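Per the numbering used here, residue 34 is the first one in the sequence shown, and the count goes up by one each step. Just so you know, even glycine gets a beta-carbon here, dropped at the ideal spot from N, CA and C. Since this is a predicted model, take the numbers as computed values, not measurements. Note sheet for the following structure.
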Amino acid sequence: MAMGTDPRCVGIRRGGAGVDLGDHASRITTASRSCRVHFATAVLELLLANLLRGARQARVVSNEVGARAAAAGLAENDSNIHGDAQDELFARAFLALVATVTVLYLTRLLLAPLKRRAAATSPASLPCPRGLPLIGNLHQLGAVPHDSLAALAARHGAPLMLLRLGSVPTLVVSTAGALRAAFQPNDRAMSGRPALTAAARIAYGLQDIVFSHPGGAFWRAARRASLSDLLGAPRVRGVREGEVAALVAAIAGASAAGSPVNLSERLMATSKRILRRVAFGDGGGGEGSIEAGAVLDEMQKLLGAFFVADYMPWLGWVDALRGLRRRLERNFHELDAFYEKVIDDRLKKRAGSKGEDLHGDPAYRSTFNSRNQIKGILTDMFIAGTDTTAATVEWTTTELVRHPDILAKAQQEVRGAVAGGGGDIVLESDLPRLTYLKQVIRESMRVHPPVPLLVPRETIEPCAVYGCEVPAGTRVLVNARAIGQDPFAWGPDAARFVPERHAEVADLSDHKPWHDSFSLVPFGVGRRSCPGMHFANSAVELLLANLLLCFDWRAPRGEVVDLEQETGLTVHRKNPLVLVAERRRVQ
34 MAMGTDPRCV GIRRGGAGVD LGDHASRITT ASRSCRVHFA TAVLELLLAN
84 LLRGARQARV VSNEVGARAA AAGLAENDSN IHGDAQDELF ARAFLALVAT
134 VTVLYLTRLL LAPLKRRAAA TSPASLPCPR GLPLIGNLHQ LGAVPHDSLA
184 ALAARHGAPL MLLRLGSVPT LVVSTAGALR AAFQPNDRAM SGRPALTAAA
234 RIAYGLQDIV FSHPGGAFWR AARRASLSDL LGAPRVRGVR EGEVAALVAA
284 IAGASAAGSP VNLSERLMAT SKRILRRVAF GDGGGGEGSI EAGAVLDEMQ
334 KLLGAFFVAD YMPWLGWVDA LRGLRRRLER NFHELDAFYE KVIDDRLKKR
384 AGSKGEDLHG DPAYRSTFNS RNQIKGILTD MFIAGTDTTA ATVEWTTTEL
434 VRHPDILAKA QQEVRGAVAG GGGDIVLESD LPRLTYLKQV IRESMRVHPP
484 VPLLVPRETI EPCAVYGCEV PAGTRVLVNA RAIGQDPFAW GPDAARFVPE
534 RHAEVADLSD HKPWHDSFSL VPFGVGRRSC PGMHFANSAV ELLLANLLLC
584 FDWRAPRGEV VDLEQETGLT VHRKNPLVLV AERRRVQ
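Shown next as structure tokens:
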């Protein structure tokens, strides 16, 4: 694949200086290029001269034919004479067309070496892999985009590279050093979000936290409210502990019956119940919670779907032909109906209630001025809090089963720390003592970040990276998976699963920003980092600790736990994680 400055990759250049092809043409001094220039120039002159001569002759022939017709007293539209003249004119017009096409081709041939030299000597330095007409580099994303982009960056030695995804200029960041160079000075400039088709609809016209542009009064207030009132409320701890206890009981029942456990399915169900209870109260959304689960599943699929309009707006009608637009509208209306029912139920129950009611809190009401804003925030919670939590525990358990020595060490820590080894459940108050478990989870998020390309960003104003100007409106993809595998940040064994590499981290608590070194960014970076990091970490640690405390895990006899991925906004295992769970015997 050719590498250099693709003609489609315009707008990013060093110091904003353009490329003057005329100046480069005047510098061509080698014998081969001089011959090529002189030859092409001579051919162009000859073709143009013949083209003009043919046009003059056509006019002369036309005049002569007209004169002969007049002298013979014939009508001007005589079919024989006039037909012969037309044939001759058409023949000469065809030759003129051929000459024109040849001129254009030779002109391109003449300018090609000049463009190559301009690309080689131009100060623009961001690598830009060549793409195809119209689609740009879309075909290079492959079946697993984050892995394809990492391979493309490694092949060209490009920690920062500019792609054209359709008509969208896209900056791809693939190493910790490049992430630091891009975001440390430009966090604000790169804090926008592209208005993607599914996100804009499902988030109620971007009235939310995840997909809206930052900096406004609503965005700041909503972020604070989510941290303090929703995800950080005191009752959240009891919700998590109750749902984890229910999960342990369900797995114990399957274990007693001798049945393998579909852990992927059970983890997803538990994550959804936790989020529904946090968002809607102890009922988790009422009688329609099962139907709501299907609606939320469809929402996740649509957010990870490929909409042509997001890359080639003029081909947006293709999404309608594929049925995606219809699916999106149907899902939006079903989701909206569910939200309306839940909000109405909460309003009816508010009167006379002495219990905690977040929706009735004055601070909450001052933040959200409309129902659509409340719905947008609820959508964010389900997007960020269900798939990601389940995927993290799923991948961590996968790696533990594949590494029995690490599994045994983690189980020993958990079982030794909980009530002197005789406890039957892990509470959130026990989590600070589980330091090795935290290392295991950090390592899992390094190797398997649940959202490998994070949520796309967009520059809201021009900025500079490595001295190269990046215009406003450039989409930015941070490849958290590639950054987690960066050998300059993690050493030559970056591909191995080694929790001990995090033993030197001074503070393993979830309050410390993970992205201080720009080498571990599963929760994003800067002002667009995930506001629910504390909530997510607590849920993951509590789930995993109880699975390790209560059960011994192994693959079914004769089976191997694979690492195949299923692509989407959140990356899960392609094949469900089905394991044998043996209930631990407490001495």
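What first and last residue would you give for the alpha helix (DSSP H) that runs through residue 440?
Looking at the DSSP string, the run of the alpha helix (DSSP H) that includes residue 440 is 437-450.
Apart from the five residues on each side of it in sequence, which residues of its chain come closer than 6 Å, Cβ to Cβ, to residue 508?
201, 203, 227, 489 and 491
Does the count of Cβ pairs from the region 430-441 and the region 343-360 closer than 8 Å reach three?
With the cut-off at 8 Å, the region 430-441 and the region 343-360 do not touch.
Any alpha helix (DSSP H) of 4 or more consecutive residues that is wholly inside the region 272-324
296-313
Any idea which residues DSSP pairs residue 584 with across the strands?
616
If we call anything under 8 Å between Cβ atoms a contact, is residue 517 one with residue 475?
no
The beta strand (DSSP E) with residue 460 in it runs from where to where?
For residue 460, there is no enclosing beta strand (DSSP E), as DSSP marks it with neither H nor E.
Any idea if residue 569 is buried or exposed, counting beta-carbon neighbours within 10 angstroms, 16 or more meaning buried?
Label assigned to residue 569: buried.
Looking at residue 560: is its Cβ nearer than 8 Å to the Cβ of residue 220?
yes
Assign residue 438 to one of two classes, buried (16 or more other C-beta atoms within 10 Å of its C-beta) or exposed (fewer than that).
exposed
In the DSSP output, what is residue 563 paired with across the bridge?
None; residue 563 has no bridge partner.
Use the C-beta contact count for residue 314: other C-beta atoms within 10 angstroms, 16 or more gives buried, fewer gives exposed.
Residue 314 counts as buried, since at least 16 other C-beta atoms from the protein chains shown sit within 10 angstroms of its C-beta.
Leaving out the 5 sequence neighbours to the left and right, which residues in its chain are closer than 8 Å to residue 294 when beta-carbon positions are compared?
Only 284, 287, 288, 611, 612, 613 and 614 meet the Cβ criterion.
Under a three-way DSSP split, which group does residue 226 fall into?
coil
Reduced DSSP secondary structure (H/G/I, E/B, other) of residue 169:
strand
Per the DSSP calculation, residue 478 is bridged to which residue(s)?
Under DSSP, residue 478 shares a beta bridge with no residue.
Go to residue 197, then tell me how far its beta strand (DSSP E) extends in each direction, as first and last residue.
Looking at the DSSP string, the run of the beta strand (DSSP E) that includes residue 197 is 193-198.
Residue environment, residue 481, which counts as buried when at least 16 other CB atoms sit within 10 Å
buried
Nearest-angstrom Cα separation, counted from residue 536 out to residue 378
Taking the Cα positions, residue 378 is about 48 Å away from residue 536.
Cβ shell of residue 600 (< 8 Å), same chain only, five flanking positions each side left out:
176, 177, 178 and 337
Which residues in the same chain have their Cβ closer than 7 Å to the Cβ of residue 618, if we skip the five residues on either side of it in sequence?
none
In chain order, what residues of the same chain have a beta carbon less than 7 Å from the beta carbon of residue 376, not counting five sequence neighbours either side?
404 and 407
is_contact[residue 532, chain D] using C-beta, thresh 8 Å:
In the structure shown, chain D cannot be found, because there is only a single protein chain.
Candidates 522, 510 and 428: closest to residue 597 by CA position
428
Rounded to whole angstroms, what is the Cα-Cα separation between residue 417 and residue 135?
57 Å
Proximity below 8 Å, CB of residue 256 to CB of residue 564
yes
Confirm, please, whether the CB-CB distance from residue 199 to residue 372 is below 8 Å.
no
Hey, residue 223 and residue 496: beta-carbon distance below 8 Å or not?
yes
Of the listed residues 277, 609 and 558, nearest to residue 214 (C-alpha basis)
558
Alpha carbon to alpha carbon, what distance is there between residue 460 and residue 10?
Here the chain comprises residues numbered 34 to 620, so residue 10 is not present and cannot be evaluated.
Can you tell me whether residue 231 is buried or exposed? The criterion is at least 16 other CB atoms within 10 Å of its CB, across all chains shown.
Under this definition residue 231 is a buried residue.
Does DSSP put residue 204 in a helix, a strand or coil?
Here DSSP, grouped into helix, strand and coil, assigns residue 204 to strand.
Name the residue from 173, 159, 185 and 210 whose alpha carbon lies nearest to the alpha carbon of residue 646.
Shown here, the chain extends from 34 to 620; a query on residue 646 therefore has no answer.
Residues bridged to residue 508 (per DSSP)
203 and 491
When 583, 584, 608 and 312 are compared against residue 592, the one with the closest alpha-carbon:
The residue with the shortest Cα to Cα distance from residue 592 is 608.
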